[in-house]
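Visitor: Residue 36 is where the first sequence starts when you use the working numbering, and the numbers rise one by one after that.
After the structure tokens below, expect a handful of questions from me.
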Amino acid sequence: MPELPEVETVMRGLRARLEGRVLARVRVGRPDLRWPFPAGLGQRLTGARVTGFRRRAKYILMRLDRGESLLLHLGMSGRMLIAPEQAGDPALHEHLSLHTDDGWRVGFVDPRRFGSVDLVPTEAEDAHKLLAGLGPEPLEAAFDAVALSAALRGRNTPIKAALLDQRTVAGLGNIYVCEALFRARLSPQRGADSVAGARAGRLVPAIKAVLTDAIAAGGSSLRDYVQPDGELGYFQHAWQVYGRAGETCGAACPGPPGCVGIRRIVQSGRSSFYCPRRQR
DNA sequence: CAAGAATCCTGTCAGC
DNA sequence: TGCTGACAGGATTCTT
36 MPELPEVETV
46 MRGLRARLEG
56 RVLARVRVGR
66 PDLRWPFPAG
76 LGQRLTGARV
86 TGFRRRAKYI
96 LMRLDRGESL
106 LLHLGMSGRM
116 LIAPEQAGDP
126 ALHEHLSLHT
136 DDGWRVGFVD
146 PRRFGSVDLV
156 PTEAEDAHKL
166 LAGLGPEPLE
176 AAFDAVALSA
186 ALRGRNTPIK
196 AALLDQRTVA
206 GLGNIYVCEA
216 LFRARLSPQR
226 GADSVAGARA
236 GRLVPAIKAV
246 LTDAIAAGGS
256 SLRDYVQPDG
266 ELGYFQHAWQ
276 VYGRAGETCG
286 AACPGPPGCV
296 GIRRIVQSGR
306 SSFYCPRRQR
């Protein structure tokens, strides 16, 4: 999926186009993504004014002036399309289309349909079932070495799996976990418990830095993903290990002799990329 | 309770 | 060119 930096980028794009606008017309396409759409979604959105946006983990919350917020998750392949009204027919796999009072269409496109859409009372957003169990936001001050250590201590799983677990810290996905572990020089196979303490002191700034850098770059453009305005994020050019099996890990690495290059392994069914020489 | 596997779905790409 | 299998940003649900 779009991970935290991509979701943040999408949320900002939606805010720029939708904040203050009225949803003059709503088209519901196929009404079942991961779960069925909430009852009466179209009517509950139509005529509402968009008052603001918020991101929590990989979720987007679009607040309406009727006391409800639209909760969006992009899954693996979800993206938001923003186009002038006259641009015509819904795109392939466009499951929800919001038409604004100033002539724009915002579409939720998701071929794999792992994404989700729900409505939640605005005053109780964080009590939503999907948000209630999430760990801390990685870019907030409360996410520090002490907090991460507490979350990792005693856990009998690789650090890679622990960081993908959204209860540990919310918003990381496969790419940015790989990149953060590289920056912190920690092997994805290292036990989570052994990262609690001093190593968490290295890992927390690495996580914050990679996310901050990626947001500044407009996220990474993946196969199925572009920013809402159609621009391409360019952080994928800054990946140091993800998708680079066999390459050397860059200028910081002395390279041969003894360099085996970036290795791809599979952990809990997902690819991990790391440099066995630099990451321990 | 915790950890790993299976699962949902469509599209793309490498290899034959 | 067409077929097949592996793989893809996620996270819940099911098994162990």
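Just so it is clear, CB atoms sit at the ideal spot from N, CA and C, and this is done for glycine as well.
Between GLU282 and ILE297, what straight-line distance do the alpha-carbon atoms span, to the nearest angstrom?
Guide: Each residue's alpha carbon lies about 6 Å from the other.
Visitor: Hey, how far is the Cα of GLU172 from the Cα of ALA197?
Guide: Rounded to the nearest angstrom, the two C-alpha atoms are 15 Å apart.
Visitor: Return helix, strand or coil for GLN224, following the three-state DSSP convention.
Guide: Of the three classes helix, strand and coil, the one that applies to GLN224 here is coil, per DSSP.
Visitor: Rounded to whole angstroms, how far is the Cβ of GLY82 from the Cβ of LEU58, which I believe are closer than 8 Å?
Guide: Confirmed, about 7 Å.
Visitor: Quick one: is TYR211 buried, meaning 16 or more other Cβ sit within 10 Å of its Cβ, or exposed?
Guide: TYR211 is buried by the Cβ-count criterion.
Visitor: Can you list, in chain order, the residues of its chain whose CB lies under 6 Å from that of GLY77, leaving out five sequence neighbours each side?
Guide: So the list reads VAL61, VAL63, once near-sequence residues are dropped.
Visitor: Am I right that GLY110 and GLY150 are in contact with their C-beta atoms under 8 Å? What's the rounded C-beta distance?
Guide: 4 Å between Cβ atoms; contact.
Visitor: So GLN302 and PRO193 are in contact, right, with Cβ under 8 Å, and what is the actual spacing, rounded?
Guide: Indeed they touch by this definition, with Cβ atoms about 6 Å apart.
Visitor: Would you decide whether GLU175 is buried or exposed? Buried here means 16 or more other CB atoms lie within 10 Å of its CB.
Guide: Exposed, because fewer than 16 other Cβ atoms sit within 10 Å of the Cβ of GLU175.
Visitor: Output the boundary residues of the alpha helix (DSSP H) element that contains GLY82.
Guide: Unbroken run through GLY82: none, as it is neither H nor E.
Visitor: CA-CA distance, ALA231 and ARG237?
Guide: Roughly 10 Å separates the two Cα atoms.
Visitor: For HIS130 versus ARG52, is the C-beta spacing smaller than 8 Å?
Guide: Not a contact, by the Cβ cut-off of 8 Å.
Visitor: Just checking my contact of TYR269 with GLY253 at CB under 8 Å: how many whole Å lie between their CB atoms?
Guide: Confirmed, Cβ separation roughly 6 Å.
Visitor: Find the nearest neighbour of PRO71 within the set ARG234, LEU127, ALA273, LEU154, judged by alpha-carbon distance.
Guide: If we check each option's Cα against that of PRO71, LEU154 comes out closest.
Visitor: Give the straight-line distance between the Cα atoms of LEU183 and ASP124, rounded to the nearest whole angstrom.
Guide: Distance between the alpha carbons of LEU183 and ASP124 is about 47 Å.
Visitor: By the DSSP assignment, the beta strand (DSSP E) with ASP153 in it spans what residues?
Guide: Element bounds for ASP153: 151-156.
Visitor: Is it buried or exposed, LYS93, if we count other Cβ atoms within 10 angstroms and call 16 or more buried?
Guide: The residue is buried, with at least 16 neighbouring Cβ atoms inside 10 Å.
Visitor: My assumption, with CB atoms under 8 Å, is that ARG147 sits in contact with ALA118. Please give the rounded CB distance.
Guide: Contact doesn't hold; Cβ gap of about 22 Å is too wide.
Visitor: Looking only at C-alpha atoms, which of ALA219, LEU99, PHE143, ASP67 sits nearest to TYR309?
Guide: Nearest option by C-alpha distance: ALA219.
Visitor: Of the residues PHE178, GLU160, SER112, which one's Cα is nearest the Cα of LEU96?
Guide: Minimum Cα distance to LEU96 is reached at GLU160.
Visitor: Since PRO193 is in the alpha helix (DSSP H), which residue starts that stretch and which ends it?
Guide: No alpha helix (DSSP H) holds PRO193; DSSP gives it neither H nor E.
Visitor: Can you check which of these residues, ARG312, ASP248, VAL45, ALA249, is closest to VAL144 by C-alpha distance?
Guide: Among ARG312, ASP248, VAL45, ALA249, the Cα nearest to that of VAL144 belongs to VAL45.
Visitor: How is the beta strand (DSSP E) around LEU238 delimited, first residue to last?
Guide: First-last for LEU238: 233-251, but that is the alpha helix (DSSP H), not the beta strand (DSSP E).
Visitor: How long is the line joining the alpha carbons of CYS345 and GLY293, rounded to whole angstroms?
Guide: Because the chain in this structure spans residues 36 to 315, residue 345 falls outside the shown range and cannot be described.
Visitor: In terms of residue numbering, what span does the alpha helix (DSSP H) encompassing PRO119 cover?
Guide: Segment 114-119 is the beta strand (DSSP E) holding PRO119; no alpha helix (DSSP H) there.
Visitor: Nearest CA to the CA of ARG190: which residue from LEU257, GLU41, ALA227, ARG79?
Guide: ARG190 has its Cα closest to that of ALA227, out of LEU257, GLU41, ALA227, ARG79.
Visitor: With DSSP collapsed to three states, give me the class of ARG147.
Guide: Three-state DSSP puts ARG147 in coil, outside helix and strand.
Visitor: Sorted by chain position, which residues of the same chain lie with C-beta nearer than 8 Å to LEU221's C-beta, five sequence neighbours on each side aside?
Guide: The residues are ILE194, VAL230, ARG234, ARG237, LEU238, GLN314, ARG315.
Visitor: How would you write the range of the alpha helix (DSSP H) that PHE308 sits in, first residue to last?
Guide: That residue, PHE308, is in no alpha helix (DSSP H); its beta strand (DSSP E) goes 305-309.
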